Structures are given as C-alpha cells and as structure tokens.
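There are 2 protein chains.
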Amino acid sequence: MNANVPPTAALVAKLTARDDLSAEEIAVLQGMMSEPRIVQGGHDIVRDGDRPGHSTLLIDGFACRYTTLKDGGRQITALHVAGDFVDLHSFMLKEMDHGVGALTLCRIATVDHGRLLEITHTHPHLTRMFWLLTLIDGSMHREWLVGMGRRPALGNAAHFICEIYTRLSVVGMAADNAFVLPLTQVELGDVLGLSSVHVNRVLQELRSGELITWTGQNVVILDWDALADLAEFDPRYLHVVKEPR
Amino acid sequence: MNANVPPTAALVAKLTARDDLSAEEIAVLQGMMSEPRIVQGGHDIVRDGDRPGHSTLLIDGFACRYTTLKDGGRQITALHVAGDFVDLHSFMLKEMDHGVGALTLCRIATVDHGRLLEITHTHPHLTRMFWLLTLIDGSMHREWLVGMGRRPALGNAAHFICEIYTRLSVVGMAADNAFVLPLTQVELGDVLGLSSVHVNRVLQELRSGELITWTGQNVVILDWDALADLAEFDPRYLHVVKEPR
DNA sequence: CGCAGGGCATAACCTATGTAAGCGCGGACT
DNA sequence: AGTCCGCGCTTACATAGGTTATGCCCTGCG
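Protein chains in written order, with numbering that gives the first Met the number 0: chain A, 0 to 244; chain B, 0 to 244.
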C-alpha cells in the first residue's frame, strides 16, 4: 500500500515469524525481485501448462491456485495473501499443473529461476527458508484434505476462517478478530468443495450462532473460542514458531 | 527384498526419473542412510507432535500420513510406497503436525537432520532434488483436494488407482496394468474421505464396469483408457519427466 | 476343533449437500 | 437517469453418500 514499504515487507514478516534472517539475507531478498507489476482481479498470474522462467511473489491482493475440471467445476487448492510466493514450486517442478489466478487486483513481483538457482549455491539458509515456505503450503494442503474428507461443511468453513485469520495476522493484515476477505460465496465454495448454496447455508449458521459476522468483505470473529472449537482448529500446522531452521 | 539391492535403490529410481544424479550424489545418498530397521504394520513410524531428529526413508512396504479427529474419524493425507521419504518435511518443519503409520510391515532407514543440513551446504543440486520430492508430495496433495472437492467418489477412486499405478511403476513395483496394493476398504475410505460402505459400492461399480479387478491385495486394471477417462487422470502432476533441475 | 476377529458384502434407511430456479439489491456502465 | 449484471439470498426438490445392522468367509489361535 504505502510506497515506502518495500515489496518484500510481507514476505520478510512471514519468514521472520519462522526464523531470524540476517541483514544480508534480507538484502538478497530485496535485490532479487523485479519491479512490481499489477494484475487485475479475475486474470491469471500463471496458467496451467506454463513453464515460467520465474516465480511470483504476491505483494498485495488475494490470489488462488486452482484446477478446472471438464464439467466446468473448479477447485481452489490454495488461497494466497500478501507475502506469499504463489508459484515458488515452479522453480523445481518446471511445468505448472494448475493455474494461479488473481482474485482481486494484485501487485506482484518476480524472481528469475536463474537467480534462485544461484541462491541455492550461495545461500543455503535462505534456500532452506524458501523450501520451508513450500512445506508450509503442503501442510495447509493436508489440513484442507482433512477438512474436506472428514469435517462437516460447517466445521470446515469455520476452520478456513481460523486459518485465514491466523495467516493474515502474521503479515499484519488482521487484528482484533477482524479482517478483510474479498471472497464471493462461489469462490468460497470452490475453496471448500461446496456449492454456493451450501456455502450460504453454512455462513447463515455461523452468523446465527453469533460466531462471526461477514458483511461485504468484512469478516469479524465474534467468538474465537467457539469458532476454533467447532473447527477443531489447531494452529500448529501453520508452523508460526521462530526457531533455527 | 533382495539383500543385494541397496536400501536407496527405489529412492534413486524415483529421483533419476526426474533428473540425472552424479555418481557422487548417489554415493552421498547411500552413505547418509542408517542401517535398515523393521516396523510392524499398524505401528507408527512418527507420531503427531514428535520433533524427530532425522527423516525416514521407506525402503519397502506401505505407509501413510494421517490425521485423527476428535470423533475418531481418520483422514489419510498421503500414501507412501518404496522409495518415499515419509517425513522429509520434518527436516524444516521441525514439529510433526500429523502421524506417519506403517500400513504393512515396512523396512525403513533414517538420515539425521544434521546430515541433511550439511548437504544443503555442500550439495545444492541434491538439496534441490530433496526439495523436489516434497514438492511432488504437495502436488499430489493438490490433486487429492481436487478429487475430494470436485470429483464424484467413483471418479476419485479411479483417479487414486491411476495415481498409485503410475507411482509404483516408477519404482518398478507395477507393470502390465497389475500391482499389489495392501489396503483394506476402510483404509481406502480414509484416503478418499468416504465411508467403507461407500468404498465398497464404488469398487463394485468399477468391477461391474470391467474397469478393474481387485481380489485380496491384487489389483488389475482391465481398461486403462476407460479408467483414466473416468478419473480425468492427467499424470503431469506427478512430474515424471527427466530434465535439469 | 471351535471360536473370535477382521475384512468384505449387502440391505434399509437417513441426511448432508447438490441442482435448478427465481428474486432483489447495488454498483457499473451507456 | 436508466439498465444490466453479478452477487447474495431463498425455496423446492433431488441424490450422493453416510449410518446401522447383519451375514459370511477367512485366518489365527487357544
């Protein structure tokens, strides 16, 4: 938002929540990113089948990874917020097996894969931290699998809200149980594997139970304990713990 | 199985299906593993909450990562076969947020995290290959999310069979559309997010459509094209492509 | 040899969630 | 200023998949 805030601010916040970075490492991060660029909401950042020569950092805005099926159904497999590397995995996987789309207007910057390759030779700790980021993505994938497979829709929706609140807190975009979440009910259905009708039912139930309010893009968690309890939310899987890595 | 086959054979097969390894890298792999050890089926290899000081390679047998919910429900988030590093991610994540269990009798060997740390300093390419392994795990997680969220149970079961066949082929444990899969219907339900009753229905349907036979632990794919079509199976997400990484 | 337990199969019934359709509001464009 | 269209919301109805229960066939074991 602020022009004085460096594009890597949220990324650095996300990383330093897990381990200390040296001043040099922070400089390397700042030095490796391209000039920021804007992507309009609804547009793709990377497309299924692409072989990008760089990876993309989300500076601000909301983006998602998704897969589209033949019948038109869409599954969102990850939601990305400021400070997330939306396709860091393409550095090693080479070919995208899914797309990444901007849900809102997004500001992004890129790092060339060649630069990342260099870093794996010169900065082992930074390399491990990048690896860590992709592992936390995997951890969230697993938690979503548990939710879709074994949690009822209501609990899973509650879980999603707990997760997003926690993740936004790490990058300073949520506090006092309130945050902005620019997701339509259709999009939330694509996240949770539900129809939009059922998303609506579930949200009504969370509202009538006075667990949350959600008006427009403003979400307020009225009763964190009850919400987390309903969700069986255990934040350990987000690994927001600072320790040597 | 064969005492002359080194414990890393399947791992090397899995890696070299994605990129060439130097003789020195293969030697490092072989040198880093502990003596093999046996784990009985049904026992845990790593437990939720553990902070293991090493990562575990599955030499042979079948294992799974799983999460258990309060109501007793279990979701299997990954199925592991010979050559898989079942908890390589614990090297960076430090604390396990889920368990890893042996589904059958398993032979395993471990690498100390200290040794892995060294490798990130001395062997960047090998480090990237380890990173790649965890990224492919993430890729499978995403595909399972798509299946659970948006594919009907029949298609998702078909998809699972296609995936396992492909993965077993890479390590030489499947050929001619046939393989051994020691999973009970309850366990398959925990993979697919279904009840065992529905798993049974779905298997009956795959059988009556003459897509597969599944007797005891022996699975035969009778009509790969029809099965893959039903599953909308696109193997790109497994990244079985050899290229410089 | 007989019994217990696990795994598969099947039936009857139930419910969470999906589908189809329509309404109203508010913002964005002409 | 009027018109559209996307989004939220609701209703009526349909169905995929869950639950409970039961039987049968193995295999392992006392």
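Quick reminder that beta carbons are idealized off the backbone N, C-alpha and C, glycines included.
Because the structure is a prediction, the values reported are computed rather than measured.
Please check if any C-beta of chain A sits within less than 7 Å of the C-beta of residue i.
i, result
"His238 of chain B", "yes"
"Pro234 of chain B", "no"
"Met147 of chain B", "yes"
"Thr76 of chain B", "yes"
"His120 of chain B", "yes"
"Glu114 of chain B", "Reading off the sequence, residue 114 of chain B comes out as Arg, not Glu. No, its Cβ sits nowhere closer than 7 Å to a Cβ of chain A."
"Arg244 of chain B", "yes"
"Glu247 of chain B", "Residue 247 of chain B cannot be examined here, being either before or after the span of chain B that is shown, 0 to 244."
"Gly137 of chain B", "yes"
"Glu23 of chain B", "no"
"Leu131 of chain B", "yes"
"Asp111 of chain B", "no"
"Glu231 of chain B", "yes"
"Gly41 of chain B", "no"
"His140 of chain B", "yes"
"Met0 of chain B", "Here the model assigns Met0 of chain B a pLDDT of 48, short of 50, so the residue's position is not dependable, and the following value carries that caveat. It does not; no Cβ of chain A falls within 7 Å."
"His88 of chain B", "yes"
Which stretch, first to last residue, makes up the alpha helix (DSSP H) that contains residue i?
i, result
"Val11 of chain B", "8 to 15"
"Val240 of chain B", "Here Val240 of chain B belongs to no alpha helix (DSSP H), and DSSP marks it neither H nor E."
"Glu24 of chain B", "22 to 31"
Which value, in whole angstroms, describes the spacing of the CA atoms of residue i and residue j?
i, j, result
"Val185 of chain A", "Leu191 of chain A", "10 Å"
"Leu144 of chain A", "Val198 of chain B", "18 Å"
"Leu134 of chain A", "Leu131 of chain B", "11 Å"
"Tyr236 of chain B", "Val4 of chain A", "37 Å"
"Val201 of chain A", "Gly154 of chain B", "26 Å"
"Ser195 of chain B", "Gly48 of chain B", "28 Å"
"Leu57 of chain B", "Asn176 of chain A", "43 Å"
"His112 of chain B", "Thr121 of chain A", "20 Å"
"His124 of chain A", "Thr126 of chain B", "12 Å"
"Val45 of chain A", "His53 of chain A", "10 Å"
"Glu24 of chain A", "Asp18 of chain A", "12 Å"
"Ser21 of chain A", "Ala157 of chain B", "49 Å"
"Thr212 of chain B", "Gln203 of chain B", "9 Å"
"Val11 of chain A", "Ala108 of chain A", "14 Å"
"Gly41 of chain A", "Arg73 of chain A", "14 Å"
"Pro243 of chain A", "Thr15 of chain B", "31 Å"
"Met0 of chain A", "Arg36 of chain A", "Only weak support exists for where Met0 of chain A lies, its pLDDT of 48 falling under 50; the coordinates are left without a value."
"Met128 of chain B", "Ser89 of chain B", "16 Å"
"Ala174 of chain B", "Thr66 of chain B", "32 Å"
"Met172 of chain B", "Ile163 of chain B", "10 Å"
"Leu87 of chain B", "Asp43 of chain B", "16 Å"
"Leu92 of chain B", "Pro234 of chain A", "13 Å"
"Thr165 of chain B", "Val239 of chain B", "9 Å"
Considering only the beta carbon of each residue, do residue i and residue j sit closer than 7 Å?
i, j, result
"Ala77 of chain B", "Arg64 of chain B", "yes"
"Gln216 of chain A", "Leu167 of chain A", "no"
"Glu117 of chain A", "Arg50 of chain A", "no"
"Asp222 of chain A", "Leu210 of chain A", "yes"
"Thr55 of chain A", "Gln29 of chain A", "no"
"Leu226 of chain A", "Ile220 of chain A", "yes"
"Val110 of chain A", "Met32 of chain A", "yes"
"Ala101 of chain A", "Val85 of chain A", "no"
"Arg114 of chain B", "Asp59 of chain B", "no"
"Val169 of chain A", "Lys13 of chain A", "yes"
With a threshold of 7 Å between beta-carbons, can residue i be considered close to chain B, or not?
i, result
"Lys241 of chain A", "no"
"Pro123 of chain A", "yes"
"Trp143 of chain A", "yes"
"Leu134 of chain A", "yes"
"Lys69 of chain A", "yes"
"Met91 of chain A", "yes"
"Gly100 of chain A", "no"
"Leu57 of chain A", "no"
"Asp49 of chain A", "no"
"Thr66 of chain A", "yes"
"Arg127 of chain A", "yes"
"His79 of chain A", "no"
"Asp96 of chain A", "yes"
"His197 of chain A", "no"
Tell me where the beta strand (DSSP E) around residue i begins and ends.
i, result
"Val4 of chain B", "It is not in any beta strand (DSSP E) - Val4 of chain B carries neither H nor E in the DSSP assignment."
"Arg36 of chain A", "36 to 38"
"Asp43 of chain A", "43 to 45"
Is residue i close to the ligand PLP? I mean its beta-carbon at under 6 Å from any heavy atom of the ligand.
i, result
"Lys241 of chain B", "This structure lacks the ligand PLP, and indeed carries no ligand of any kind."
Only counting runs of 4 or more residues, tell me where the alpha helix (DSSP H) segments fall wholly within the stretch 162 to 233 of chain B, in order along the chain. Correct list: 184 to 191, 195 to 207, 223 to 230.
Just list the alpha helix (DSSP H) runs in the stretch 59 to 143 of chain A, keeping only unbroken ones of 4 residues or longer that don't cross its boundaries, in chain order. 89 to 92, 112 to 121
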